[in-house]
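Notes to accompany the following structure.
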Amino acid sequence: MYFEFSKAGNPLFTKIHPLLAGMIQMIAVDPWERYPDGSSRLLPSPGEDEDLLLDWEDLVQPELRRHFTAERSVVAEDLSQLKQGRGKNPSWSLEIPREHTDAWLTTLNAHRLALVTECHLTEEELAEKIEPDFSNERAFALMQVNFFAFMQECLIRGMEE
Amino acid sequence: MVNPDLLESPETGLSETADLPWLVVVHNDPVNLMSYVAMVFRRIFGWTRERAEQHMMEVHTKGRSVVWSGAREQGELFVQQLHSHLLLATLERSTP
Chain A
1 MYFEFSKAGN
11 PLFTKIHPLL
21 AGMIQMIAVD
31 PWERYPDGSS
41 RLLPSPGEDE
51 DLLLDWEDLV
61 QPELRRHFTA
71 ERSVVAEDLS
81 QLKQGRGKNP
91 SWSLEIPREH
101 TDAWLTTLNA
111 HRLALVTECH
121 LTEEELAEKI
131 EPDFSNERAF
141 ALMQVNFFAF
151 MQECLIRGME
161 E
Chain B
162 MVNPDLLESP
172 ETGLSETADL
182 PWLVVVHNDP
192 VNLMSYVAMV
202 FRRIFGWTRE
212 RAEQHMMEVH
222 TKGRSVVWSG
232 AREQGELFVQ
242 QLHSHLLLAT
252 LERSTP
């Protein structure tokens, strides 16, 4: 998979392997549905003050959840533009409108955080250099976390250029 | 620990709010990318790249960094913004 910019100046991922294209499409799924335990990481505690905790639960957390849903909707719409090339070894490409970069960063991050929490991946495991591994759920989760991190790094670098 | 640089910084608003000692603290987590954390700091606090990276490294190496201090209401807004970027942030009352 390669990262570049389109003629319009948008972030563009090309030559995406079909397996990776499938992984990218997964981020359109609601993390609260996909990671029933891990999604708790997406709404952390703001502190220990009791009044603050009450306000947070009643007012802020619902707003944050609406924000994450809206960002995910933007990503889902972009994913409808995921294109498959033709030929013997068809790969996929994805152009992300520059103004949607924040929505992608948030949504990729939400899935990484929820996935790590759901699967109890450790800091040591996250720091390991690993080969792609589909042999078990945990290894596959780690692969997704690393792949989404790669996409995030590309988008961040793209914003700074 | 409160970063003395922060307390003297004009954007903390402490000169007006010395009796409102609330701190916005960002905590380490092993998942958020360092580049992402620095980018969020720059965006929310309007910091230079250097300052954002200093605080990001403080979070990474010491486990936490005080990124703002001042009035509670403004602190809550910053924590909400940090949470909207999925950073682990809390609002704490500073200790004398």
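Protein chains in written order, with our numbering: chain A, 1 to 161; chain B, 162 to 257.
Backbone N, C-alpha and C define an ideal beta-carbon position, used for all residues, glycine too.
Predicted model, so just to flag it, every value in this text is computed and none were measured.
- Contact check between the segment 90–101 of chain A and the segment 46–64 of chain A: fewer than three CB pairs, one atom from each, fall below 8 Å, which does not count as touching.
- Distance from A/L155 to A/P31 at the Cβ level is roughly 19 Å; contact not present, criterion being Cβ atoms closer than 8 Å.
- The beta carbons of B/V185 and B/L249 sit no closer together than 8 Å.
- Across the set A/L121, A/G158 and A/F150, the C-alpha of A/L121 shows the shortest separation from the C-alpha of A/E137.
- Contact between A/R41 and A/L105 is absent: CB atoms are separated by about 16 Å, not below the 8 Å threshold.
- Between A/E153 and B/L247, the CB-CB gap reaches or exceeds 8 Å.
- Each of A/A70, A/L43 and A/P132 was checked against the Cα of A/D58, and the nearest Cα belongs to A/L43.
- In its chain, beyond the 5 residues on either side, P11 have a beta carbon closer than 6 Å to the beta carbon of A/G158.
- A/Q84 does not reach chain B, its nearest Cβ partner there being about 29 Å away, counting only Cβ pairs nearer than 8 Å.
- A/V75 places its beta carbon 8 Å or farther from that of A/L115.
- In the three-state DSSP reduction, B/Y197 falls in the helix class (H, G or I).
- Secondary-structure assignment with DSSP links B/E253 through a beta bridge to B/L184.
- According to the DSSP assignment, B/K223 belongs to the alpha helix (DSSP H) that extends over R210 to K223.
- In summary, the residues of the segment 139–154 of chain A whose CB is separated from some CB of chain B by less than 9 Å are V145, A149, Q152 and E153, in the order they occur in the chain.
- Counting only Cβ-Cβ distances below 9 Å, B/T222 has no contacts in chain A at all, with the closest Cβ about 14 Å away.
- With contacts defined as CB atoms closer than 8 Å, B/S226 and B/E237 fail to qualify as a contacting pair.
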